[in-house]
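Protein chains in written order, with the numbering used here: chain W, 1 to 327; chain P, 1001 to 1327; chain Z, 2001 to 2327; chain S, 3001 to 3327. Built from N, CA and C at the ideal position, the CB exists for glycine as well.
Protein chains: 4
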Amino acid sequence: MAIRRRKFESIGNTGFSTNSAQTEGGRLTNKDGSINLRKTGRPFWERISMYHTILAMHPLKFLLIVFLFYTTLNVFFATIYIIIGVENLKGIIPNDDILTNFQQAFFFSSQTLTTVGYGHISPSGLWANIVASLESFIGILAFALVTGILYGRFSRPKAYIQFSHNMIIAPFKGITALMVRMATYKNNHLTDVEAAVNIAMHVEENGARIRKFFPLELELKRINSMALSWTLVHPINEDSPLYGMTEQELLDADLEVLYFINAFDDHFSNVVKQRTSYTGKELVFGAKFLPMFHRSEDNSTTILDLSKINAYEKAELPEMVISSVNA
Amino acid sequence: MAIRRRKFESIGNTGFSTNSAQTEGGRLTNKDGSINLRKTGRPFWERISMYHTILAMHPLKFLLIVFLFYTTLNVFFATIYIIIGVENLKGIIPNDDILTNFQQAFFFSSQTLTTVGYGHISPSGLWANIVASLESFIGILAFALVTGILYGRFSRPKAYIQFSHNMIIAPFKGITALMVRMATYKNNHLTDVEAAVNIAMHVEENGARIRKFFPLELELKRINSMALSWTLVHPINEDSPLYGMTEQELLDADLEVLYFINAFDDHFSNVVKQRTSYTGKELVFGAKFLPMFHRSEDNSTTILDLSKINAYEKAELPEMVISSVNA
Amino acid sequence: MAIRRRKFESIGNTGFSTNSAQTEGGRLTNKDGSINLRKTGRPFWERISMYHTILAMHPLKFLLIVFLFYTTLNVFFATIYIIIGVENLKGIIPNDDILTNFQQAFFFSSQTLTTVGYGHISPSGLWANIVASLESFIGILAFALVTGILYGRFSRPKAYIQFSHNMIIAPFKGITALMVRMATYKNNHLTDVEAAVNIAMHVEENGARIRKFFPLELELKRINSMALSWTLVHPINEDSPLYGMTEQELLDADLEVLYFINAFDDHFSNVVKQRTSYTGKELVFGAKFLPMFHRSEDNSTTILDLSKINAYEKAELPEMVISSVNA
Amino acid sequence: MAIRRRKFESIGNTGFSTNSAQTEGGRLTNKDGSINLRKTGRPFWERISMYHTILAMHPLKFLLIVFLFYTTLNVFFATIYIIIGVENLKGIIPNDDILTNFQQAFFFSSQTLTTVGYGHISPSGLWANIVASLESFIGILAFALVTGILYGRFSRPKAYIQFSHNMIIAPFKGITALMVRMATYKNNHLTDVEAAVNIAMHVEENGARIRKFFPLELELKRINSMALSWTLVHPINEDSPLYGMTEQELLDADLEVLYFINAFDDHFSNVVKQRTSYTGKELVFGAKFLPMFHRSEDNSTTILDLSKINAYEKAELPEMVISSVNA
């Protein structure tokens, strides 16, 4: 069934191509807010930002890479000490077994790289000293970079926003509205929170099925402080591109709704941003969110129950505005 | 006594629910600007941001935790050295008393973790060397994280604003105004300072007592530079939701006034924000702030006396605008 | 001679009191942009932000303090080692001369604090080991803080703007204008540069001499990129509070002009701000700035001569607009 | 051939002088966005910001300088140890050959500076101990600064935007438009991307050839998210300063078009900016960009081919709007 597109002007400022339905694949934005995109045409190393790659990496993977890097450096320097001659590492008992020698050189190397320098093994002679001097120098710089990154990862500003799993079409002031609920799920507090919403829908134009973007206006697009939860409400009134569409039409449109959140976090002293997207599969037609906070027993504080972020109950929708095809 | 609410539209962008009087407990915002809220519904570790927890921690508690962490790591590694066999730590005199052995292993561990590595004790054999090599590696990373946090805490942008303990209703240009005074109490200097004020009041609507929010307009909501003190003045004119209310009505409304300050600090090179709130108990009816700065004796500079931030004297209010029920 | 103040509304958003002429001393803003202010009324330690104090400190003073801190820590720990008994520091030859003992304990302490740990001296016995273990722990944390501060000082965003020593009243498009010239004097490049200007003047009101503030509109208050120099031009037209004032009136007004610059620096990836102020003594009446840049000999680039930032020549002013009392 | 300049007002907020054609040399902005400018008139050290110099330095040059600095410090301290007397370094076998002594003092110095402190060489006597204590102190601070810079370089926010090599005049909605294409070439993602464009053209005014600046309006100057590529489109309609100009006139104008990009990067949690400029030599008359993205084979994602950023094909231009002199 074709979708009756009316008067609304599509927008071009989404960063996605307006006539990209033929050329783009899959959903636009992944659930975690990342863009569903691959880049080619330049060599791998030019396409990779070390910083972005490392900050996006899983913590265990990061630690593993650092550990491998540490081991590799030690193997490298141990080899050099073996080449120079293990007899130049005072305290090592030279052995016929090259593996035993290598092992001792390896541990001397690790003591130098980390600047522990117990000293029961110590370099002697010009070359062993030069290499050991270089290795401790490199060790300091390398560990500095690694530990900078470690702290950079730890202190990286994040919004820690949890979105409801579903977006719902709910009754709202006599009409209906498209709603999504969100809350911060950690002991962080966001101020000056702003939200922007765009919808991507497939429409038929001149016989071709193309994707168009429309902004979805929010009843409230900025709050001073996100103390409790915040329900993002897009009223489906005459100014909405969703006005008059049935549930089936919505699903046929292969829609994707993009949410952009922008806020300030006191502890990071920085702006934090989070994105997410919903497709038609995540749309619930005719429901309303249940409250997710209540008063504490001693009446001294408010309790926000995060497990209820997606809690909703079925709700009758006003008939004339959006009629479910199943109704 | 019921409060006569007039034409004012309440606002929904405070981050608190507009009909939350039934579900919220206690005051909304604590005196120090934190939100009076508890979160549940997700496991503890998911609800906790290490970064926020650590940055908000008392300095001594932070140092204690770091110290316990250091001790625990040493106990852990000492145990491993004991398991491997204390005879693999050259320089230790193996003892029949396991405690003495453990003690020596513990100190060897601490010398390794901190990379002091005196060397009077040193690892020998494959496994002791592997563990020591790992320990110094872990030591560097762990201390890097701790020291990053230490500096992060030290350099965290803060506004260092002191607010007057009371908010007062003072005579102002023939009418009255709600005033609060603030100043930076450290040798910091804020520029581009902005203030926003919201009031939460309980009103009766359809027989139910609910809480509503209203913005309070300031006579001046932005200053270039907060050199001296700044008195935040909300004129209680016909555009004010407080217009025409008596002292008793104000107290009955169970009000809470929320102040949001936003500024830039040159030394932090960052935005700083501070929040506070006042309840009816902190409201003084009929008073005016006394000056808190004066010229230095040699006339070369201005002196700001922070002990006078809350200094006020009783003052007659214009009768027709707000009449105290006691008057 | 009294100053004829006309229609202009003074502003209150300068951060200085509008009726502060009686209570403030000296100039408002120092030449380097700091506020001429002293704070009292709270204990010294509460009034001091360590961060602000340390970042504003002269580099040599900072290094000296760090060095004294290092020495003091070593003296402290050396004393403890002496108390525990110097015989617990293996490698030290206990001496009847307590100074020699202390000296050796001091150097052992410094080797522990910096984690050099040569090991020719090493702790033995429970207490010496505990203290050494603690000292290396403290050493790492203390040096981490110091080095964080060192880098924080080094990388602190600064605008590096040089202002002309004088502000001048110059002929400008048939009328006159108040001009100040500025340029970045380092190899930094500012983008999105904004300027705001306020003037503080003393006027007579109801027989009392009070200070009032007025904004001075700039012909251009924002530039995309401060590539060369930028002359801040306030046209003295009918909208200017300076309109019609003679040189003598200007001097009698005991004026102070405050300049606020706000920009973005690519390398710091941060906003930078700089302030300065000019008093009547720095005002030159009837002059114009000489160009301070020229083409390079090979015509490939432009040369900005910073020594000419204040270069001006005498210039005739249009008579009717501002007439010098000397003319 | 003279250029017919019409109604357009030139702008002065470019940071370049409006009448600088006589005094400026070469192009204004280099291809990498840096300003083509040299500064004189202050001593070298006052004109150099260490921070800016170091951050802009090539990585290898930076490492080389750090290494030289390390070596120089070691030479310096080795010399001092030699002066104090090599016999005060226990563990060194004093030698008649001063070079051998120096060599050993050098390596002892490097072991102290890096705090490796093997201890097979150790200071003895007051002065050697004082110097070694100082050296380890200096070592920690110096390496802290270096490693801070190393991480500062690594984590410095950059936009990683690739611009098309050419700017093209393309057919656009019945008229023509000046287009440039850009995309991020790394695994970074920019949000809230804004673009501003200025053109510098030489015009004849009162017989003199001077340079003027005009803004070029973009059809779209802000996008929420730069997911794919973004083509910056300046429509050459009646509001454009380029309206009605022939290809030859454009070339004669010795034009330079300046592009300013401003965005936010999630991983850096910071604003990033990038600039570039195009001269007439980089202008292609009558062309259109070819698509640079396509659907992946499994239809699950979109592929952006960076090698096609400058891919264009010849295109007929509407005749009446801009007519190529060759056509």
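Review point. Excluding five sequence neighbours on each side, which residues of the same chain lie with their C-beta closer than 7 Å to the C-beta of residue 1236 of chain P?
Key: Excluding its 5 nearest sequence neighbours in each direction, residue 1236 of chain P has C-beta neighbours in its own chain below 7 Å: 1175, 1176, 1177, 1178, 1242, 1243, 1321, 1322, listed in chain order.
Point to revise | For residue 1228 of chain P, three-class secondary structure by DSSP | key: Residue 1228 of chain P sits in coil when the DSSP states are folded into three classes, being neither helix nor strand.
Practice item. For my contact list, residue 196 of chain W and residue 211 of chain W are in at a C-beta cut-off of 8 Å; report their separation, rounded to the angstrom. Key: Rounded, the Cβ-Cβ distance is 19 Å, inconsistent with contact.
Exercise for review: For residue 3136 of chain S, collect the residues of the same chain with a Cβ closer than 8 Å to its Cβ; drop the 5 residues on either side in sequence, then sort them by chain order.
Suggested key: Once the five neighbours on either side are set aside, the close Cβ partners of residue 3136 of chain S are 3112, 3113, 3115, 3117.
**Study point:** Interface residues of the region 2151-2166 of chain Z facing chain S [CB-CB below 7 Å]
**Key:** Among the residues of the region 2151-2166 of chain Z, those with a Cβ less than 7 Å away from any Cβ of chain S are 2151, 2154, 2155, 2160, in the order of the chain.
Review point. Do the region 1270-1281 of chain P and the region 254-274 of chain W touch if we need at least three Cβ pairs shorter than 8 Å?
Key: Yes: at least three Cβ pairs fall under 8 Å.
**Study point:** Neighbour flag for residue 119 of chain W against chain Z, beta carbons, 8 Å
**Key:** Interface residue, yes.
Review point. Which chain Z residues sit within Cβ distance under 9 Å of residue 1103 of chain P?
Key: One finds 2126, 2129 in chain Z with Cβ atoms closer than 9 Å to the Cβ of residue 1103 of chain P, taken in chain order.
Point to revise | Span separating the alpha-carbon of residue 1143 of chain P from that of residue 2140 of chain Z | key: Distance between the alpha carbons of residue 1143 of chain P and residue 2140 of chain Z: 8 Å.
Exercise for review: Go ahead and label residue 281 of chain W buried or exposed: buried means 16 or more other beta carbons lie within 10 angstroms of its beta carbon, across all protein chains shown.
Suggested key: With fewer than 16 other beta carbons inside 10 angstroms of its own, residue 281 of chain W counts as exposed.
Review point. Just to confirm, are residue 3292 of chain S and residue 3308 of chain S a CB contact at a threshold of 8 Å?
Key: The criterion of a C-beta distance shorter than 8 Å is satisfied by residue 3292 of chain S and residue 3308 of chain S.
Review point. Expressed to the nearest angstrom, what Euclidean distance is found between the alpha-carbon atoms of residue 3056 of chain S and residue 3036 of chain S?
Key: When rounded, the distance between both Cα atoms is 15 Å.
**Study point:** Sheet register partners of residue 2274 of chain Z (DSSP bridge)
**Key:** Under DSSP, the beta-bridge partners assigned to residue 2274 of chain Z are Z:2261.
Exercise for review: Give a yes or no on whether the minimum CB-CB distance between residue 145 of chain W and chain S is below 8 Å.
Suggested key: It does: the Cβ of residue 145 of chain W has a partner Cβ on chain S nearer than 8 Å.
Exercise for review: Please confirm if residue 2116 of chain Z has its CB atom under 8 Å from at least one CB of chain S.
Suggested key: Yes, residue 2116 of chain Z lies at the interface with chain S (some Cβ there is under 8 Å from its Cβ).
Check your understanding: Can you tell me whether DSSP reads residue 1165 of chain P as helix, strand or coil?
Key -> Correct three-state label for residue 1165 of chain P: coil.
Exercise for review: For residue 3262 of chain S, collect the residues of the same chain with a Cβ closer than 6 Å to its Cβ; drop the 5 residues on either side in sequence, then sort them by chain order.
Suggested key: Excluding sequence positions up to five before and after residue 3262 of chain S, its CB lies within less than 6 Å of the CB of 3194, 3273, all in the same chain and listed in chain order.
Point to revise | Integer-rounded CB distance, given that residue 186 of chain W should sit under 8 Å from residue 1047 of chain P | key: Indeed they touch by this definition, with Cβ atoms about 6 Å apart.
Practice item. Could you list which residues in chain W have their beta carbon closer than 7 Å to that of residue 3303 of chain S, in chain order? Key: Ordered by position in chain W, the residues that pass the 7 Å Cβ test against residue 3303 of chain S are 38, 40.
**Study point:** Within-8 Å CB hit, residue 2021 of chain Z to chain S
**Key:** The predicted position of residue 2021 of chain Z is uncertain, since its pLDDT is 48 and thus under 50; no value can be drawn from it.
Exercise for review: Output yes if chain S places a C-beta closer than 8 Å to the C-beta of residue 197 of chain W; else output no.
Suggested key: Chain S contact via Cβ: absent.
Practice item. Just confirm the distance between the C-beta atoms of residue 310 of chain W and residue 166 of chain W, as a whole number of angstroms; I'd bet it's less than 8 Å. Key: So it is a contact: roughly 6 Å between Cβ atoms.
Point to revise | residue 1021 of chain P versus residue 301 of chain W: straight-line alpha-carbon distance, rounded | key: The predicted model places residue 1021 of chain P with a pLDDT of 47, which falls under 50 and marks its position as unreliable; any figure quoted below should be read in that light. Distance between the alpha carbons of residue 1021 of chain P and residue 301 of chain W is about 12 Å.
Check your understanding: residue 1138 of chain P to residue 65 of chain W, Cα distance in whole Å?
Key -> If I take the Cα positions, the gap works out to 14 Å.
Practice item. Return the CA-CA distance between residue 67 of chain W and residue 2130 of chain Z, expressed in angstroms with no decimal places. Key: Straight-line Cα distance between these residues: approximately 30 Å.
**Study point:** Rounded separation between residue 173 of chain W and residue 1170 of chain P - CA only
**Key:** Roughly 41 Å between the two C-alpha positions.
Review point. Which residues of chain P have a Cβ atom closer than 7 Å to the Cβ of residue 136 of chain W, listed in chain order?
Key: Simply none; closest approach about 11 Å.
Check your understanding: Can you tell which of P:1209, P:1226, P:1156 has the C-alpha that lies nearest to the C-alpha of residue 1190 of chain P?
Key -> For the residues P:1209, P:1226, P:1156, the minimum Cα distance to residue 1190 of chain P belongs to P:1226.
Practice item. Please classify residue 2155 of chain Z: does DSSP put it in a helix, a strand, or coil? Key: Residue state, collapsed to three classes: coil.
Review point. For a contact meaning CB atoms closer than 7 Å, what does residue 2186 of chain Z contact in chain S?
Key: Within 7 Å Cβ-Cβ: 3047, 3048, 3049, 3052.
Check your understanding: Going by beta carbon distance, what residues of the same chain come within less than 6 Å of residue 2154 of chain Z, once the five residues before and after it are set aside?
Key -> There are no such residues.
Practice item. Quick one: grab the DSSP three-state call for residue 178 of chain W. Key: In this structure, residue 178 of chain W counts as strand in the three-state DSSP scheme.
Check your understanding: In terms of residues, what are the limits of the beta strand (DSSP E) holding residue 2199 of chain Z?
Key -> Taken as a continuous stretch (DSSP letters only), the beta strand (DSSP E) holding residue 2199 of chain Z covers 2190-2205.
Check your understanding: Going by beta carbon distance, what residues of the same chain come within less than 6 Å of residue 198 of chain W, once the five residues before and after it are set aside?
Key -> Within the same chain, residue 198 of chain W has close Cβ partners 14, 213, 215, 258.
**Study point:** Per-residue burial, residue 1083 of chain P [other beta carbons within 10 Å of its own, 16 or more giving buried]
**Key:** Counting Cβ neighbours within 10 Å, residue 1083 of chain P comes out exposed, since fewer than 16 surround it.
Practice item. Using a threshold of 8 Å, state whether the C-beta atoms of residue 3232 of chain S and residue 39 of chain W are closer than that. Key: No, the Cβ-Cβ distance between residue 3232 of chain S and residue 39 of chain W is not below 8 Å.
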